[in-house]
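Plus 1381 on top of the position in the sequence shown (first one is 1) and you've got this note's numbering. Below is one structure, written out as structure tokens; comments come after it.
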Amino acid sequence: MKLSKSLAMLLTLICMTVIVVTTFRLSPSFARSTPAMSAQESAEKVTTDLIAQGDGRPSLYNRLGGYNAIAAVIDDSATFIFADPVIGKYFIGLGTNSQQRLRQLLVDQFCQAAGGPCVYTGRTMKLSHSGMDGGLTDIEFNAFANDK
1382 MKLSKSLAML
1392 LTLICMTVIV
1402 VTTFRLSPSF
1412 ARSTPAMSAQ
1422 ESAEKVTTDL
1432 IAQGDGRPSL
1442 YNRLGGYNAI
1452 AAVIDDSATF
1462 IFADPVIGKY
1472 FIGLGTNSQQ
1482 RLRQLLVDQF
1492 CQAAGGPCVY
1502 TGRTMKLSHS
1512 GMDGGLTDIE
1522 FNAFANDK
């Protein structure tokens, strides 16, 4: 089933929000990140979070459509982002294997952040983006957010 571009963009924004909220402890300074967890601690947290959802409501992971829906949004977004003339420069030189690894890490990260059974084993976002010389500019962020 092909997701409409609007739905794909909405899911992308929801997933980005979930990652930001779960990755960073949002304090007034927005500067304090959560400590990195080992894969085992991360798996235990996911399991604990899933068990704690005893209120009968479906998890965000299930409301998003599960693994395949999250993977589809990542695949659609990655296609545009890698080819984007403004932010594609951050991905120049990635071979097919590197792009597939990045794709899988993103799927696992979104899946875990949404309460799914995946375990994200990649680096923290702070460490992953540390070589970006001050982060994305407003133009780059808008290009990223508006890629459809």
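C-beta atoms are modelled at their ideal positions from N, C-alpha and C, and glycine is treated no differently.
Under the three-state reduction of DSSP, which class applies to residue i: helix, strand or coil?
i            : result
residue 1513 : coil
residue 1454 : helix
residue 1484 : helix
residue 1470 : helix
residue 1475 : coil
residue 1525 : helix
residue 1489 : helix
residue 1496 : coil
residue 1411 : At residue 1411, the pLDDT of 39 sits below 50, so the modelled position is not reliable; the number obtained from the coordinates is stated separately. Note: residue 1411 maps to coil in three-state DSSP.
Rounded to a whole number of angstroms, what is the C-alpha to C-alpha distance between residue i and residue j?
i            : j            : result
residue 1511 : residue 1504 : 11 Å
residue 1450 : residue 1515 : 32 Å
residue 1526 : residue 1437 : 33 Å
residue 1482 : residue 1442 : 21 Å
residue 1452 : residue 1460 : 12 Å
residue 1519 : residue 1468 : 11 Å
residue 1447 : residue 1487 : 14 Å
residue 1475 : residue 1439 : 37 Å
residue 1507 : residue 1463 : 21 Å
residue 1524 : residue 1472 : 14 Å
residue 1501 : residue 1492 : 8 Å
Write down the C-beta distance between residue i and residue j rounded to the nearest angstrom, noting that I regard them as a contact closer than 8 Å.
i            : j            : result
residue 1611 : residue 1457 : The structure shown has nothing for residue 1611, since the chain only spans 1382 to 1529.
Given a threshold of 16 other Cβ atoms within 10 Å of its Cβ, counted over all protein chains shown, does residue i qualify as buried or as exposed?
i            : result
residue 1410 : Legend: pLDDT at residue 1410 = 38, less than 50; position of this residue unreliable, value from coordinates given subsequently. Exposed: under 16 other Cβ atoms inside 10 Å.
residue 1445 : buried
residue 1496 : buried
residue 1494 : buried
residue 1522 : exposed
residue 1490 : buried
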